[in-house]
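This report concerns only the one structure given below.
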């Protein structure tokens, strides 16, 4: 079966009354890929995941997860996917082992494999010394890895991670992503939502969803080059915070923000903007400054994509 | 299917019995209620604190007073000498009643007039007051009978053995000495079973919603049916354990008679659990937090007890309310439990309430399950 670890949806739509939560989206995820599903809160990420996992049915459109129809074969989908949410769905009043045993029973892991898989998860989460500890006494990173372990106890081919790293420290997040990448190398398809833009770099491909629509899709590199129409300028100047307002209100500057010691400005027309910025510095007699074009970060890309989208839709509403 | 249900069942038991608060709620609260209803909440009325205000102070009045004090029902606490005192002892609830003889009582008894004896009762507790009134009537009745006998002997001139009169011989079946603990303790079973199954079921389900594990279960291949069965069975088992506990304490400690079949008691409890677990399930679908669930449980529980006949007889309620009680499952279960304990009657007499409970339970649990399934999406 070539498609047993792929995801594909065609004009998938979900309406709640008059509100369109997901607006006819299309995408494909191939086997073993880490696919990032990004977007601000309320953009439709969770609704999409819920449709893919067979919890709710779409209003229209179709989709397949692991080769199973998301409308007709929800039961089979559930048996073949793993799911982990930001809430780490563990029972705090059960021990590490009891949590694993519980999910192992729910997914009906074959009896002769139960012990081996349990050991593997305990190893993966690094919980050898804490197997009889109550889950409530574990720190966030351990809980996160234990939750991931419980979500893959039945060896799913596709795993859905809904904001899996929120509320965890950066080192733990890196560890976590190492595990995720390892899983992908072993052929498991990973569908992940996050709002940490630096994390999105870990994805093979990603889609940006905003107000129910996918407004961009591609590899991180494509996002930063082809899809990003604007340029990011790095402006190094003393007392950057004093200049921020002036630069932000310049014509041709879409957005400006403090970024460490410098200001990052997203601009439409590179040459015109550089001239305008140099001009205000010159007029106040400042000489010690530096304006350079830099590569956009994913965050820059998303922010300008979302602003472009909002502008476009505001204009289309007015006309 | 059984593996999944069993997993949930095992998990529920681990969680319940690991929590010391839960353990004490499950085992201690039935015991406390049994103790309260066995010892404290007795409706038996005797040794009523009474005051005497005897303005007549004659042999006749003292004779009648002696009748009162010989009975175990009245206990004289005060002898009053003025009306102010009389008002005072009642107002301060020092006594529950005052026996008052007016001047001329003896004269009237000896003469051919009806003598008057006044009994002043604190009517705040109307129930107790009417019971005491009954006792007083009995005592005065006996006194009259003897007075009549004496009068007749004086007329006829020699001893007469009896005057033909209707003599009421009452026999109290099932609870011979009308002990209220016999009536209330079996009732406690129904209260505990109701409260616990409602509370534990709804809280256990809502808690999973709160901590987010419900979301995880919904994504798993477990079906709503398996989930419901796995969630309700532990609380049914706990309810049966509590029935056993209360029965053991009631019978061995408080000497409550258990005349009927224990098998029937457990069977009808299981049937009743369909309704209460079903309502618990329903409450879990309308509550987002455990506090909300608890509020809903109490909102249901209090009217259900008041309209069950646990403390106030249904026959005394207004007709409209009596019809309302027909929809109260607790009403039927209470009848069944009391009948099994006190009357010792079997399925031959009890099939009707059991059948009603079964139909009610099936309806409630089906509707709740459907609602529960919808709420998961």
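Chains as they are written, first to last, in our numbering: chain W, 82 to 400; chain V, 960 to 1336.
C-beta atoms are modelled at their ideal positions from N, C-alpha and C, and glycine is treated no differently.
Contact with chain W by residue 977 of chain V, beta-carbon distance below 7 Å: For the purposes of this step, residue 977 of chain V is identified with residue 18 of the second chain, where counting begins at 1. Interface residue (Cβ-Cβ distance to chain W less than 7 Å): residue 977 of chain V is classified as such.
CB contact check: residue 1093 of chain V to chain W, cutoff 7 Å: Looking up residue 1093 of chain V in the second chain gives position 134. Using a Cβ-Cβ cut-off of 7 Å, residue 1093 of chain V does not count as an interface residue toward chain W, since no Cβ of chain W sits closer than that to its own.
Minimum Cβ-Cβ distance from residue 1181 of chain V to chain W less than 7 Å: For the purposes of this step, residue 1181 of chain V is taken as residue 222 along the second chain, with counting starting at 1. For residue 1181 of chain V, the answer is yes, since a Cβ of chain W falls inside 7 Å of its Cβ.
Proximity test, Cβ basis, 7 Å: residue 1290 of chain V and chain W: Here residue 1290 of chain V refers to the residue found at position 331 when the second chain is read from its first residue. No, residue 1290 of chain V does not count as interfacial toward chain W.
Alpha helix (DSSP H) segments (min. 4 residues) lying fully within the stretch 1026-1085 of chain V: If we require 4 residues or more, the alpha helix (DSSP H) runs fully inside the stretch 1026-1085 of chain V come out as 1042-1050, 1064-1069.
Three-state secondary structure (DSSP) of residue 150 of chain W: In the first chain, the residue the question calls residue 150 of chain W occupies position 69. Of the three classes helix, strand and coil, the one that applies to residue 150 of chain W here is strand, per DSSP.
Closer than 7 Å to chain W by CB, residue 1256 of chain V: Within the second chain, numbered from 1, the residue matching residue 1256 of chain V stands at position 297. With 7 Å as the cut-off, residue 1256 of chain V does not count as an interface residue toward chain W.
Residue 1260 of chain V, enclosing alpha helix (DSSP H) - first and last residue: On the second chain, residue 1260 of chain V is found 301 positions in, with the first residue counted as 1. Looking at the DSSP string, the run of the alpha helix (DSSP H) that includes residue 1260 of chain V is 1249-1265.
is_contact[residue 966 of chain V, chain W] using C-beta, thresh 7 Å: The residue you call residue 966 of chain V lines up with position 7 of the second chain. Yes, its Cβ sits closer than 7 Å to a Cβ of chain W.
Below-7 Å beta-carbon distance, residue 386 of chain W vs any chain V residue: The sequence position of residue 386 of chain W within the first chain is 305, counting from 1. So no, residue 386 of chain W is outside the interface.
Own chain residues within Cβ distance below 6 Å of residue 300 of chain W, not counting five before or after: By one-based count along the first chain, residue 300 of chain W stands at place 219. Once the five neighbours on either side are set aside, the close Cβ partners of residue 300 of chain W are 286.
Partners in chain W for residue 962 of chain V, counting only beta-carbon separations shorter than 8 Å: Numbered from 1 along the second chain, position 3 holds the residue referred to as residue 962 of chain V. Those are 186, 189, listed as they occur along chain W.
Within chain V, partners of residue 308 of chain W - CB distance below 7 Å: Counting from one through the first chain, the residue named residue 308 of chain W turns up at place 227. The premise fails here: residue 308 of chain W is roughly 32 Å from chain V at the closest Cβ pair, so nothing lies under 7 Å.
Alpha helix (DSSP H) segments (min. 4 residues) lying fully within the stretch 161-196 of chain W: Whole alpha helix (DSSP H) segments, 4+ residues: 177-187.
Cβ separation of residue 1009 of chain V and residue 1055 of chain V, assumed to be a contact under 8 Å, to the nearest whole Å: Taking the second chain and counting its residues from 1, one reaches residue 1009 of chain V at position 50. Taking the second chain and counting its residues from 1, one reaches residue 1055 of chain V at position 96. Indeed they touch by this definition, with Cβ atoms about 7 Å apart.
Contacts of residue 1178 of chain V in chain W (Cβ-Cβ under 7 Å): Looking up residue 1178 of chain V in the second chain gives position 219. Going along chain W in sequence order, the residues near residue 1178 of chain V (Cβ under 7 Å) are 134, 136, 159, 164.
Through-space distance from residue 293 of chain W to residue 1234 of chain V, alpha-carbon basis: The residue you call residue 1234 of chain V lines up with position 275 of the second chain. The residue you call residue 293 of chain W lines up with position 212 of the first chain. Annotation: residue 1234 of chain V to residue 293 of chain W spans about 43 Å, alpha carbon to alpha carbon.
Neighbour-count burial assignment, residue 373 of chain W, 16 or more Cβ in a 10 Å radius: For this step, residue 373 of chain W is matched to residue 292 along the first chain. Counting every other CB atom within 10 Å of its CB across the protein chains shown gives residue 373 of chain W a total below 16, marking it as exposed.
Coarse secondary structure for residue 1331 of chain V, derived from DSSP in three states: Here residue 1331 of chain V refers to the residue found at position 372 when the second chain is read from its first residue. In the three-state DSSP reduction, residue 1331 of chain V falls in the helix class (H, G or I).
CB of residue 1011 of chain V within 7 Å of CB of residue 1035 of chain V, strictly: Here residue 1011 of chain V is taken as the residue at index 52 of the second chain, counted from 1. Here residue 1035 of chain V is taken as the residue at index 76 of the second chain, counted from 1. Yes; because the gap between Cβ atoms is below 7 Å, this pair is in contact.
Proximal residues of chain V, C-beta to C-beta of residue 156 of chain W below 9 Å: Along the first chain, read from residue 1 onward, the residue named residue 156 of chain W stands at position 75. Here the neighbours are 1180, 1182.
Start and end residues, alpha helix (DSSP H) containing residue 1160 of chain V: Taking the second chain and counting its residues from 1, the one referred to as residue 1160 of chain V is at position 201. Looking at the DSSP string, the run of the alpha helix (DSSP H) that includes residue 1160 of chain V is 1139-1170.
Residues in the stretch 1132-1149 of chain V having any Cβ partner in chain W nearer than 9 Å: Listed in sequence order: no entries.
Spatial distance of residue 993 of chain V from residue 1138 of chain V (CA atoms): Numbered from its first residue, the second chain carries residue 993 of chain V at position 34. Numbered from its first residue, the second chain carries residue 1138 of chain V at position 179. Roughly 15 Å separates the two Cα atoms.
Residue from W:366, W:321, W:368 with nearest C-alpha to residue 346 of chain W: Position 265 of the first chain, counted from the start, is the residue given in the question as residue 346 of chain W. Of the candidates W:366, W:321, W:368, the one whose C-alpha sits nearest the C-alpha of residue 346 of chain W is W:321.
Three CB pairs or more closer than 8 Å across the stretch 136-145 of chain W and the stretch 90-103 of chain W: When Cβ pairs closer than 8 Å are counted between the two stretches, the stretch 136-145 of chain W is seen to touch the stretch 90-103 of chain W, the count reaching three or more.
Classification of residue 311 of chain W by the beta-carbon crowding that lies within 10 angstroms, buried from 16 upward: As a working note, residue 311 of chain W is residue 230 in the first chain. By the beta-carbon neighbour count (other beta carbons within 10 angstroms, threshold 16), residue 311 of chain W is buried.
Contact between the stretch 1313-1331 of chain V and the stretch 1183-1196 of chain V (3+ Cβ pairs under 8 Å): Yes: the two stretches touch, three or more of their Cβ pairs being nearer than 8 Å.
Three-state secondary structure (DSSP) of residue 287 of chain W: In the first chain, counting from the first residue as 1, residue 287 of chain W sits at position 206. The answer is strand: DSSP assigns residue 287 of chain W an E or B state.
DSSP-derived helix/strand/coil call for residue 273 of chain W: Locating residue 273 of chain W in the first chain gives position 192, where the first residue counts as 1. Strand at residue 273 of chain W.
For residue 234 of chain W and residue 185 of chain W, the rounded distance between their alpha carbons: Translated into the one-based positions of the first chain, residue 185 of chain W becomes position 104. Translated into the one-based positions of the first chain, residue 234 of chain W becomes position 153. Cα-Cα distance, rounded: 6 Å.
Residue closest to residue 213 of chain W, alpha-carbon to alpha-carbon, out of W:291, W:327, W:180: Here residue 213 of chain W is taken as the residue at index 132 of the first chain, counted from 1. Cα-wise, what sits closest to residue 213 of chain W is W:180.
Touching by the beta-carbon criterion (3+ pairs, under 8 Å), the stretch 317-333 of chain W and the stretch 365-383 of chain W: Contact annotation: the stretch 317-333 of chain W touches the stretch 365-383 of chain W, with at least three C-beta pairs closer than 8 Å.
Three-state class that DSSP yields for residue 373 of chain W in the structure shown: For the purposes of this step, residue 373 of chain W is identified with residue 292 of the first chain, where counting begins at 1. Here DSSP, grouped into helix, strand and coil, assigns residue 373 of chain W to strand.
Where residue 1135 of chain V falls, given that 16 or more other Cβ within 10 Å makes a residue buried: As a first step, residue 1135 of chain V must be located in the second chain, where it is residue number 176. Exposed, since its Cβ has fewer than 16 Cβ neighbours within 10 Å.
Given residue 1157 of chain V as reference, the closest of V:1249, V:1076, V:1077 once Cα atoms are compared: Translated into positions along the second chain, residue 1157 of chain V becomes position 198. Ranked by Cα distance from residue 1157 of chain V, the first of V:1249, V:1076, V:1077 is V:1249.
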